[in-house]
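All residue numbers in the sequence shown are consecutive under the UniProt record's numbering, ending with 216. Glycine is no exception: its CB is placed at the ideal position from the N, C-alpha and C atoms. Given the structure is predicted, the values throughout are model-derived calculations rather than measurements. Structure record follows, encoded as structure tokens.
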Amino acid sequence: MRPGRSSGAGAYELLLEAMEAGALPAGTRLREAELAERFGISRTPVREALKRLEAQGLVLHEPHHGAVVASLDYGQMTELYHMREVLEGTAAGLAATHATGTEMEILREMVERDRGLLEDPAALAATNRAFHRQIRLSARNRFLNTSLETMRISLALLARTTLAAPRRGAESVEEHAAIVDAIEARDAARAEEAARRHMRNAFKARIRLEHAGSEG
Numbered sequence: 001m002r003p004g005r006s007s008g009a010g011a012y013e014l015l016l017e018a019m020e021a022g023a024l025p026a027g028t029r030l031r032e033a034e035l036a037e038r039f040g041i042s043r044t045p046v047r048e049a050l051k052r053l054e055a056q057g058l059v060l061h062e063p064h065h066g067a068v069v070a071s072l073d074y075g076q077m078t079e080l081y082h083m084r085e086v087l088e089g090t091a092a093g094l095a096a097t098h099a100t101g102t103e104m105e106i107l108r109e110m111v112e113r114d115r116g117l118l119e120d121p122a123a124l125a126a127t128n129r130a131f132h133r134q135i136r137l138s139a140r141n142r143f144l145n146t147s148l149e150t151m152r153i154s155l156a157l158l159a160r161t162t163l164a165a166p167r168r169g170a171e172s173v174e175e176h177a178a179i180v181d182a183i184e185a186r187d188a189a190r191a192e193e194a195a196r197r198h199m200r201n202a203f204k205a206r207i208r209l210e211h212a213g214s215e216g
């Protein structure tokens, strides 16, 4: 059950989701009063949420600016994608062993649905997160799930989706399909390699996006 909007946990989820969606990009100043008004909640849960985000490294306090959304440098981004390749690959391999028939059907349905969202990168980014969450839940490893959920928090700082790049959305969906194919075949090695390849391609797309942004 999701926490109520008026709780500190609820405010935390609202702010984290806004970061993931690009509504609060890196460098954004975070004023309690403005955030409370924007999300229709009181300042107290906003204050609690900002403290939690700061403890996780997503919010920084800058001189003369106050709280701002943090950013990742190139080295941190590289480290993040390297670990994501390892963990997402492991999750897919375990899912090939442990996923139930129903979970496989859900994953296949997600892929088919996403083929209809190629013209909507924002919606595709949201369903992409849901797909990877379903993979890790199907892996049946609570420690791996916790690690990937922690990684999701850091990924929120990469708000601009690579799925808006030409052809990347379609490529990503077909990469998801390859992962599901391997899971349905109960081929753990192939599922892990498909997931790792997907992460490597996502990293390449991220690098291209960062270069395009610096040139703009």
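Item	Value
According to the Cβ coordinates, are Ile179 and Ala92 closer than 8 angstroms?	yes
Just mark Thr162 as buried or exposed, buried being the case when its beta carbon has 16 or more other beta carbons within 10 Å.	buried
Out of curiosity, what's the CA-to-CA distance linking Leu209 and Leu72?	14 angstroms
Run through DSSP, which three-state label would Glu62 get?	strand
So, is His65 buried or exposed, given that buried needs 16 or more other C-beta atoms within 10 angstroms?	exposed
Looking at C-alpha atoms only, which residue of Arg47, Met104 and Met77 is the closest neighbour of Glu184?	Met104
Can you tell which of Thr90, Arg31, Val69 and Gly57 has the C-alpha that lies nearest to the C-alpha of Glu193?	Thr90
Going by DSSP, name the residue or residues bridged to Arg29.	Val68
Report the three-state DSSP secondary structure of Asp114 (helix, strand or coil).	helix
Can you tell which of Ala205, Met199, His211 and Ile207 has the C-alpha that lies nearest to the C-alpha of His82?	Met199
Please return the same chain residues whose Cβ sits closer than 8 angstroms to the Cβ of Leu144, not counting the five positions on each side in sequence.	Leu87, Thr90, Ala91, Leu94 and Arg136
What's the gap between the Cα of Thr146 and the Cα of Ala33?	32 angstroms
Is there at least one Cβ from chain D nearer than 8 angstroms to Arg142's Cβ?	This model lacks chain D altogether; it includes just one protein chain.
Using 8 angstroms for Cβ pairs, my map puts Val59 next to Gly27. What's the rounded Cβ distance?	About 11 angstroms separates the two Cβ atoms, so there is no contact after all.
Please classify Thr127: does DSSP put it in a helix, a strand, or coil?	helix
Looking at Ala177: is its Cβ nearer than 8 angstroms to the Cβ of Val111?	yes
Between which residues of its own chain and residue 255 is the CB-CB distance below 6 angstroms, once the five residues before and five after are set aside?	Nothing about residue 255 can be reported from this structure: the residues present for the chain run from 1 to 216 only.
Which of the three DSSP states, helix, strand or coil, is assigned to Glu85?	helix
Find out if the Cβ-Cβ distance for the pair Leu157, Met19 is shorter than 8 angstroms.	yes
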